[in-house]
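Here the structure comes first, spelled out in structure tokens, and everything after it is commentary.
Protein chains: 2
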Amino acid sequence: MQVHDLLTDAVEASRTLQAVSGETTATILENVAQTLLENTPLILEANAKDLAAMSPDDPKFDRLKLTPERIAGIAADMRSVASLPYPVGNVLSNELRPNGMSVRKVSVPFGVIGIIYEARPNVTCDVFALCLRSGNACVLKGGSDAYYSNMALVTIIRWILAKYWVNPAVCTLLPADRASATALLNASGLVDLIIPRGSSELISFVRSNSKIPVIETGAGICHTYFDKGADRDKGRAIIHNAKTRRVSVCNALDCLLVHRERLEDLPYICADLAESQVVIYADNAAYEALEGHYPSSLLQHALPESYGTEFLDYKMSLRTVADINEAIAHISRYGSRHSECIISESLDMIRLFEQAIDAACVYANVSTAFTDGAQFGMGSEIGISTQKLHARGPMSLNELVTYKYIIEGSGQVRPS
Amino acid sequence: MQVHDLLTDAVEASRTLQAVSGETTATILENVAQTLLENTPLILEANAKDLAAMSPDDPKFDRLKLTPERIAGIAADMRSVASLPYPVGNVLSNELRPNGMSVRKVSVPFGVIGIIYEARPNVTCDVFALCLRSGNACVLKGGSDAYYSNMALVTIIRWILAKYWVNPAVCTLLPADRASATALLNASGLVDLIIPRGSSELISFVRSNSKIPVIETGAGICHTYFDKGADRDKGRAIIHNAKTRRVSVCNALDCLLVHRERLEDLPYICADLAESQVVIYADNAAYEALEGHYPSSLLQHALPESYGTEFLDYKMSLRTVADINEAIAHISRYGSRHSECIISESLDMIRLFEQAIDAACVYANVSTAFTDGAQFGMGSEIGISTQKLHARGPMSLNELVTYKYIIEGSGQVRPS
Numbered sequence: 059m060q061v062h063d064l065l066t067d068a069v070e071a072s073r074t075l076q077a078v079s080g081e082t083t084a085t086i087l088e089n090v091a092q093t094l095l096e097n098t099p100l101i102l103e104a105n106a107k108d109l110a111a112m113s114p115d116d117p118k119f120d121r122l123k124l125t126p127e128r129i130a131g132i133a134a135d136m137r138s139v140a141s142l143p144y145p146v147g148n149v150l151s152n153e154l155r156p157n158g159m160s161v162r163k164v165s166v167p168f169g170v171i172g173i174i175y176e177a178r179p180n181v182t183c184d185v186f187a188l189c190l191r192s193g194n195a196c197v198l199k200g201g202s203d204a205y206y207s208n209m210a211l212v213t214i215i216r217w218i219l220a221k222y223w224v225n226p227a228v229c230t231l232l233p234a235d236r237a238s239a240t241a242l243l244n245a246s247g248l249v250d251l252i253i254p255r256g257s258s259e260l261i262s263f264v265r266s267n268s269k270i271p272v273i274e275t276g277a278g279i280c281h282t283y284f285d286k287g288a289d290r291d292k293g294r295a296i297i298h299n300a301k302t303r304r305v306s307v308c309n310a311l312d313c314l315l316v317h318r319e320r321l322e323d324l325p326y327i328c329a330d331l332a333e334s335q336v337v338i339y340a341d342n343a344a345y346e347a348l349e350g351h352y353p354s355s356l357l358q359h360a361l362p363e364s365y366g367t368e369f370l371d372y373k374m375s376l377r378t379v380a381d382i383n384e385a386i387a388h389i390s391r392y393g394s395r396h397s398e399c400i401i402s403e404s405l406d407m408i409r410l411f412e413q414a415i416d417a418a419c420v421y422a423n424v425s426t427a428f429t430d431g432a433q434f435g436m437g438s439e440i441g442i443s444t445q446k447l448h449a450r451g452p453m454s455l456n457e458l459v460t461y462k463y464i465i466e467g468s469g470q471v472r473p474s
Numbered sequence: 059m060q061v062h063d064l065l066t067d068a069v070e071a072s073r074t075l076q077a078v079s080g081e082t083t084a085t086i087l088e089n090v091a092q093t094l095l096e097n098t099p100l101i102l103e104a105n106a107k108d109l110a111a112m113s114p115d116d117p118k119f120d121r122l123k124l125t126p127e128r129i130a131g132i133a134a135d136m137r138s139v140a141s142l143p144y145p146v147g148n149v150l151s152n153e154l155r156p157n158g159m160s161v162r163k164v165s166v167p168f169g170v171i172g173i174i175y176e177a178r179p180n181v182t183c184d185v186f187a188l189c190l191r192s193g194n195a196c197v198l199k200g201g202s203d204a205y206y207s208n209m210a211l212v213t214i215i216r217w218i219l220a221k222y223w224v225n226p227a228v229c230t231l232l233p234a235d236r237a238s239a240t241a242l243l244n245a246s247g248l249v250d251l252i253i254p255r256g257s258s259e260l261i262s263f264v265r266s267n268s269k270i271p272v273i274e275t276g277a278g279i280c281h282t283y284f285d286k287g288a289d290r291d292k293g294r295a296i297i298h299n300a301k302t303r304r305v306s307v308c309n310a311l312d313c314l315l316v317h318r319e320r321l322e323d324l325p326y327i328c329a330d331l332a333e334s335q336v337v338i339y340a341d342n343a344a345y346e347a348l349e350g351h352y353p354s355s356l357l358q359h360a361l362p363e364s365y366g367t368e369f370l371d372y373k374m375s376l377r378t379v380a381d382i383n384e385a386i387a388h389i390s391r392y393g394s395r396h397s398e399c400i401i402s403e404s405l406d407m408i409r410l411f412e413q414a415i416d417a418a419c420v421y422a423n424v425s426t427a428f429t430d431g432a433q434f435g436m437g438s439e440i441g442i443s444t445q446k447l448h449a450r451g452p453m454s455l456n457e458l459v460t461y462k463y464i465i466e467g468s469g470q471v472r473p474s
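Here it is, written out as structure tokens:
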């Protein structure tokens, strides 16, 4: 079947989804979750075929690998999405105009959402759950590495959809080749929104080639500023957590900015980082402050490229600033507008930082590791937007709907 | 000065705008409006230079032409924007998480908004007013036809900005050449949003060439469906108003769909259209129903291309449908998701239509001519979005802001 035909079917299916109640979408997700659990052996068998084609040394191997525990996690996440409030049909505003017509703004699904991602089978289920629960059809273009795993998961999903008389094309898996991706990115008029999930190369490819609106997710170059009036214990804990909780995630700390009057606190603040074997690329002043207190094997001089780098590793840059304005200027220049933090006990400095920093998430005395849909109380997330159009930061059900205006009257016409 | 430098200045200026109060933006707009009025002769002189270079037969001539009345209209619109609520700093949600951190979602300006438009000097002032009132800097790429007019208007604007100690680069006029447009569309990281205003060629050029998120405005292929249970007087008035109030606008009626059991009402419904010299392209059944009742010089047989066409003229297509489902299917296939209307006294049919039609504005017994920011109570509009991402339908101040999350705590870290 041609990709164009698959997309046309998905559009058709998305329209029939309008007539499916929020309650039914929840029931379907509960049922899919249960069926995934019951078919764990079948899913693992398909996954084993994919794994057999990949070297265990490949960094993608662990992401691709499914286990009974991971399948249980996928099912639990799906149930959690089922329990979230249904975001469709909310009246966002309702105004009676002077001429007697009412103008009602109501949340509605996008229609068809395309996702392009790499070898992570859990994304298949996460995306399907969030899209169905927000009334959208999803078109999935997964990585060829996960072909058999995705086929098994989508087969189970579509089986349950059919059982509830929902057109299975609301969950459409495209062939895992480059041609599908190209066809998807060009499907203007059929697909309403594209969300890429994966490496920065993938996201850049999508941004450059899509004729459809894209929500960019991903890259986070995150800073924490240790202010003149900072509490050093809070700082030590936050900085260590933001850097080392999981180094491979987008909200991890990349650059610590320290007020020059607090340089003498650096050995104390960085003690936990040393224990976690974090390499620090420090400017001269910070290097001098740490020298003799931080393992010399882990302490290096910062190079120009140490700033504005997303390390995704046990590495961090460190720069001394004269004041909060210099910290703000540094972040404006090098940040990716993802998650930025100030550590300070001064309410004035906190307010200034919160106002001046242009980022999806601005933290005061909290670790940037919290930039996550579940941590924000959204239940689950489809990604973290790093753009400003439509949605910013963690995106969940409310970010997967748009709206329409419904205007009702009794024959009103507009005077010239 | 290079375009890149102008854009960098605009970014810098947009940051300083954070410290300008909503009250000050209103005062500035009031003052600009007054100064425009006082300098009417100077503006008309500049406009005359532009007009001298254009043939009065050019359809753009009338749009380009300024008069004392039009300048008064521009000033009045600017005052009306000044009086709208300031959309920045609204707390959209505020949640205290179980770990004691608060997550506050706050509306913030985009930063720098780029507008690409054609020979309409009033757009220069409208866009500046809406952008300033929403805390954004605007970068204007106007048509070369309006060069002197735009220069005069922007000079006045910047003069008043400077008077209030606001960096004049918050209103930046780019050179009116193609190279500027290209530089603007590639200014990823400097410009946050692009809104094209003008012909479908212009919009298509922007969509294909922008590396920056775009909000599409424009094309409206609008339908009105006259249902089996429609009131013929309401229908006659609404159809005539939607078609003829202003044929050159995007919300004008392009195609009338009529239930086959109401064909005999067509002569009555279309009587006013005949008076307004509207050419009708009718399918066979409708043609037969109108023949002898509608001027034969204005009645033609529909061709396949009669459907899905935005006429922008005293022309309209007309198709007979078997039922509401056929009407919905026709609109889904041919509409541009702008404004669609049902005329019916049946609440069931109205509800079905409202739910099934995927469009920015869905009308029941009201003319589509109301798709307009001012008519919806938004005060003014920067355009009518025909996409689903971020904003749909008329866009005003609330659609020119994004948001950020501000997370405050007392040292919270995230457990692994």
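Chains A and B, in that order, give the protein sequences. Letter 115 of the first sequence, counting from 1, is numbered 173 in the working numbering, and no numbers are missing. Letter 413 of the second sequence, counting from 1, is numbered 471 in the working numbering, and no numbers are missing. Glycine residues also receive a C-beta, built at the ideal position from the N, C-alpha and C atoms.
Coarse secondary structure for residue i, derived from DSSP in three states
i: E153 of chain B; result: strand
i: P126 of chain A; result: helix
i: A360 of chain A; result: coil
i: M159 of chain A; result: coil
i: M374 of chain B; result: strand
i: V49 of chain B; result: It is not possible to answer for residue 49 of chain B, since the shown part of chain B is limited to 59 through 474.
i: S72 of chain B; result: helix
i: Y326 of chain B; result: helix
i: L198 of chain A; result: strand
Chain-ordered neighbours of residue i on chain A, where CB pairs are closer than 9 Å
i: L251 of chain B; result: K446 and L447
Chain B residues whose Cβ lies nearer than 8 Å to that of residue i
i: V161 of chain A; result: F434 and G435
i: E333 of chain A; result: Per Cβ cutoff of 8 Å: no residues; E333 of chain A is ~15 Å from chain B at best.
i: K292 of chain A; result: S468 and G469
i: Q76 of chain A; result: Q413 and A414
Residue of the options minimising C-alpha distance to residue i
i: R191 of chain A; options: A:S151, A:A134, A:D381 and A:T85; result: A:T85
i: P145 of chain A; options: A:I465, A:G467, A:V459 and A:S468; result: A:V459
i: S493 of chain A; options: A:I279, A:T98, A:L231 and A:N148; result: With chain A running from 59 to 474 in the structure shown, residue 493 of chain A is simply not present.
i: K163 of chain B; options: B:R128, B:A130 and B:V149; result: B:V149
i: A288 of chain A; options: A:A449, A:E319, A:K123 and A:N267; result: A:E319
i: V272 of chain B; options: B:I101, B:T426, B:K446 and B:L410; result: B:K446
i: E322 of chain A; options: A:E349, A:C196 and A:P156; result: A:E349
i: S334 of chain A; options: A:A360, A:N299 and A:N342; result: A:N299
i: C196 of chain B; options: B:I215, B:G172 and B:I218; result: B:G172
i: A360 of chain A; options: A:D381, A:I338 and A:S474; result: A:I338
i: V69 of chain A; options: A:V170, A:N105, A:S113 and A:V61; result: A:V170
i: R472 of chain B; options: A:S443, A:S468, A:D430 and A:Q470; result: A:D430
i: I327 of chain A; options: A:F284, A:T302 and A:E363; result: A:F284
i: M407 of chain B; options: B:N423, B:G393 and B:H388; result: B:N423
i: L65 of chain B; options: B:T83, B:V161, B:T240 and B:E127; result: B:T240
Contacts of residue i in chain A (Cβ-Cβ under 7 Å)
i: I464 of chain B; result: E412 and V420
i: R155 of chain B; result: G435
i: A417 of chain B; result: K462
Chain-ordered neighbours of residue i on chain A, where CB pairs are closer than 8 Å
i: Y283 of chain B; result: In chain order: nothing, as chain A lies at least about 15 Å away.
i: A427 of chain B; result: V471 and R472
i: Y461 of chain B; result: R450
Chain-ordered neighbours of residue i on chain B, where CB pairs are closer than 7 Å
i: K286 of chain A; result: The premise fails here: K286 of chain A is roughly 17 Å from chain B at the closest Cβ pair, so nothing lies under 7 Å.
i: V296 of chain A; result: Reading off the sequence, residue 296 of chain A comes out as Ile, not Val. Within chain B, the residues near I296 of chain A are G469 and V471.
i: G393 of chain A; result: Simply none; closest approach about 11 Å.
**Prompt:** In chain order, which beta strand (DSSP E) runs of at least 3 residues are fully inside the region 258-312 of chain A?
**Reply:** 280-284
**Message:** Does the region 173-193 of chain B come into contact with the region 204-211 of chain B, if we say contact requires no fewer than three beta-carbon pairs (one atom in each stretch) closer than 8 Å?
**Reply:** Counting Cβ pairs under 8 Å, three or more are found: they touch.
**Asked** What are the start and end residues of each continuous alpha helix (DSSP H) run of 4 or more residues lying completely inside the region 382-430 of chain A, in chain order?
**Response** 382-392 and 405-414
**beta strand (DSSP E) runs contained entirely in the region 432-472 of chain A, provided each spans 3 or more residues** = 441-443, 451-453 and 459-470
**Prompt:** Contact between the region 362-379 of chain A and the region 307-317 of chain A: three or more CB pairs below 8 Å?
**Reply:** Yes: at least three Cβ pairs fall under 8 Å.
**Prompt:** Within the chosen definition, does the region 416-423 of chain B reach the region 382-401 of chain B through at least 3 CB pairs nearer than 8 Å?
**Reply:** yes
**Item:** Validate contact between the region 247-261 of chain B and the region 96-114 of chain B using beta carbons, cut 8 Å, 3 pairs
**Value:** no
**Request:** Pick out the complete beta strand (DSSP E) segments inside the region 204-258 of chain B, 3 residues or longer, and give them in chain order.
**Result:** Runs of the beta strand (DSSP E) inside the region 204-258 of chain B: 229-231 and 251-255.
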